[in-house]
Amino acid sequence: MSAVRVGVLALQGDVREHVRMLAECGAEPTTVRRPRELDAVDALVVPGGESSTIDKLSRAFDLRDPIRARIADGMPVLGTCAGMIMLADRIEGGIEGQETFGGIAMTVRRNAFGRQVDSFETDLSVKGLDGPLHAVFIRGPWVERCEPQVEVLATVDRGAAGVHPVVVRQGPLIAASFHPELGKDHRLHRMLVQSVRSGA
Ligand code: GLN
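Quick note, the sequence shown lines up with residues -12 to 187 if you use our numbering.
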């Protein structure tokens, strides 16, 4: 089986951790800062960081439209935290003029967990994974609304604030509100690599 080449969008955010995770799960990771680097990958990770900065830099580096085109063409993408925001068709709480790559038919709320608990850790039960996934949330978004084509893989119950999806999938696009790259659990990265292998 030939190696799956997975790019990590390296404009801003926690790039190195994703590169390490991808290497550990047998993929061939590479950083993506230029359109020709994007052309060379089978799949992409959009890391956590600051979504408004990733948005601005993706335009400045002439990557936004090529990424949108690859998404439209079916490239598998894993977006984590700010990366989840970048994969959402719509955002609430974005800064003036903030845009996304889009692809997942959902509205996400930036910094949704609020000040008191904007960072926390929990064990999540994720559909399709055996056993809980330890999730580190750092000023993450949640999914406010999604359309029926979006599969909800995990939710978090915020009591009076409601139950919100935090891992979703639409075909080859996977998004998580937290930082799977900060732990030792590779299962979401494997799901991405598997998506390339199965052509899903
Ligand atoms: N709050 C950040 C944003 O809006 C996301 C935080 C993160 O990726 N850890 O982009």
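Using N, Cα and C, we set each Cβ at its ideal position, and we do this for glycine too.
R156 - containing beta strand (DSSP E), residue span: Locating residue 156 in the sequence shown gives position 169, counting from the first residue. Bounds of the beta strand (DSSP E) holding R156 are 150 to 157.
Pairwise C-alpha distance: V143 and L50: Here the question's residue 50 lines up with position 63 in the sequence shown. Here the question's residue 143 lines up with position 156 in the sequence shown. Per the coordinates, the alpha-carbon of L50 lies some 33 angstroms from the alpha-carbon of V143.
Sequence-distant residues of the same chain with beta carbon closer than 7 angstroms to V137, five excluded per side: For this step, residue 137 is matched to residue 150 along the sequence shown. Residues I91, A92, M93, V155, Q157 of the same chain have their beta carbon placed closer than 7 angstroms to that of V137, with the five preceding and five following residues left out of the count.
Within 8 angstroms, strictly: CB atoms of L179 and V(-7): Position 192 of the sequence shown holds residue 179. Position 6 of the sequence shown holds residue -7. The answer is yes: Cβ separation under 8 angstroms.
Element boundaries [alpha helix (DSSP H), containing A122]: Along the sequence shown, one-based indexing puts residue 122 at 135. A122 -> not in any alpha helix (DSSP H); beta strand (DSSP E) instead, spanning 120 to 125.
Where T87 falls, given that 16 or more other Cβ within 10 Å makes a residue buried: On the sequence shown, position 100 is the one that residue 87 refers to. So T87 ends up on the buried side.
Sequence ranges, alpha helix (DSSP H) only - wholly within the region 31 to 119, length at least 4: Residue ranges of uninterrupted alpha helix (DSSP H) with 4 or more members, entirely inside the region 31 to 119 and ordered along the chain, are 38 to 47, 51 to 59, 69 to 74.
Contact set for E108: own chain, Cβ-Cβ below 6 angstroms, skip 5 residues either direction: Locating residue 108 in the sequence shown gives position 121, counting from the first residue. Answer for E108: V123, listed in chain order.
Local Cβ density within 10 Å of E168, reported as buried at 16 or more and exposed below that: Translated into the one-based positions of the sequence shown, residue 168 becomes position 181. Buried is the call here.
First and last residue of the uninterrupted alpha helix (DSSP H) at E4: Along the sequence shown, read from residue 1 onward, the residue named residue 4 stands at position 17. Counting along the chain, the alpha helix (DSSP H) containing E4 begins and ends at 2 to 11.
Three-way DSSP call (helix, strand, coil) for L(-2) in this model: For the purposes of this step, residue -2 is taken as residue 11 along the sequence shown, with counting starting at 1. L(-2): coil per DSSP, three-state reduction.
Burial state of A188, where buried means 16 or more other Cβ atoms lie within 10 Å: An answer regarding residue 188 cannot be provided, because it is not within the stretch -12 to 187 covered by the chain.
Nearest to D105 (by Cα), restricted to the options L(-2), D52, D1, F165: Position 118 of the sequence shown holds residue 105. Among L(-2), D52, D1, F165, the Cα nearest to that of D105 is on F165.
Separation of I161 from P119, as counted between CA atoms: Looking up residue 119 in the sequence shown gives position 132. Looking up residue 161 in the sequence shown gives position 174. Near 18 angstroms, if we compare the C-alpha coordinates of I161 and P119.
Proximity test, S38 beta-carbon vs the ligand GLN heavy atom, cut-off 7 angstroms: Mapped onto the sequence shown, residue 38 falls at position 51. Flag set: Cβ of S38 near the ligand GLN.
Assigned exposure category for D29 - 16 Cβ within 10 Å defines buried: Residue 29 sits at position 42 when you count from the first residue of the sequence shown. With 16 or more neighbouring CB atoms inside 10 Å of its own CB, D29 falls in the buried class.
C-alpha gap between A47 and I72, whole angstroms: Residue 47 sits at position 60 when you count from the first residue of the sequence shown. Residue 72 sits at position 85 when you count from the first residue of the sequence shown. Distance between the alpha carbons of A47 and I72 is about 19 angstroms.
Closest Cα partner of R23 within the set E37, T40, P53, V2: Translated into positions along the sequence shown, residue 23 becomes position 36. Of E37, T40, P53, V2, the residue nearest in Cα terms is P53.
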